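Here's the structure, in structure tokens; my notes come after.
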Amino acid sequence: MKKNLFAVLAGSLVLAMTACGGGSGGSVPGDAIQGKVSLPGGSAKGTQVIACTLEGDNCNMGGTAEAGTDGSYRITGLKSSLKYVVLGVLDADGDGQPDYGGVYGSASNPSQISPPKGNVDFTLSAGSSQSLSLNKPE
Numbered sequence: 006m007k008k009n010l011f012a013v014l015a016g017s018l019v020l021a022m023t024a025c026g027g028g029s030g031g032s033v034p035g036d037a038i039q040g041k042v043s044l045p046g047g048s049a050k051g052t053q054v055i056a057c058t059l060e061g062d063n064c065n066m067g068g069t070a071e072a073g074t075d076g077s078y079r080i081t082g083l084k085s086s087l088k089y090v091v092l093g094v095l096d097a098d099g100d101g102q103p104d105y106g107g108v109y110g111s112a113s114n115p116s117q118i119s120p121p122k123g124n125v126d127f128t129l130s131a132g133s134s135q136s137l138s139l140n141k142p143e
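Going by the working numbering, the first residue of the sequence shown is number 6, and it counts up by one from there.
Rendered as structure tokens:
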């Protein structure tokens with residue numbers, strides 16, 4: 006059974022998980038996707054970045070990282086044989102609910118990429134019209 010951990014619903018984000026990891030620059034290891042998250046007019050530090058495989062409206066989690074001070078992140082432990090969507094959420098006010106969200110590519114047509122891949126940069130915005138559920142394997 007999969008646990009529903011993430012939903013992006015008509016302009017609001019709901020997150021029921023905490024991810025950890027760290028951003029990093031330089032060369033990209035064979036099992037990694039890395040890039041930078043930005044937030045216009047603010048800091049993207051602490052953004053939870055998630056790599057997942059798509060299955061219909063479900064996003065099956067492959068790995069997570071937390072964006073560093075400059076917004077950089079690196080998600081490792083990914084399989085090069087799979088294609089991942091990379092998305093991020095940020096709880097800017099510390100109330101446990103994400104205030105900003107973003108996806109690599111566009112919300113209506115997220116880019117699917119395989120590791121190793123660098124320069125996977127994206128920008129956060131307040132709200133989204135995308136509907137997506139993130140599932141964590143048992």
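The C-beta atom is built at its ideal place from N, Cα and C for all residues, glycine as well.
The model shown is predicted, which means the values in this text are computed figures rather than measured ones.
With a cutoff of 8 Å on beta-carbon distance, valine 94 and glutamine 39 are scored as not near each other.
Out of Leu59, Ser85, Val42 and Ser116, the CA that lies nearest to the CA of alanine 72 is found in Val42. Per DSSP, the continuous beta strand (DSSP E) segment holding serine 77 begins and ends at 77 to 80. In the three-state reduction of the DSSP assignment, leucine 44 falls in the strand class. Counting the other CB atoms within 10 Å of its CB gives serine 77 a total of 16 or more, which places it among the buried residues.
Glutamine 53 sits in a strand when the DSSP states are folded into three classes. In terms of Cα proximity to threonine 74, the closest of Gly123, Tyr89, Thr58 and Lys50 is Lys50. The residue from Asp62, Ser85 and Gly47 with its alpha-carbon nearest to that of proline 34 is Ser85. Per DSSP, tyrosine 109 lies in no beta strand (DSSP E) and is assigned neither H nor E.
Comparing C-alpha distances from glycine 106 to each of Gln117, Gly123, Leu44 and Thr69 shows the shortest one belongs to Leu44.
When Ala37, Asn114 and Asn63 are compared, the shortest CA-CA separation from arginine 79 is found for Ala37.
Remark: C-beta atoms of proline 115 and valine 108 approach each other more closely than 8 Å. The Cβ-Cβ distance between glycine 47 and alanine 97 falls below 8 Å.
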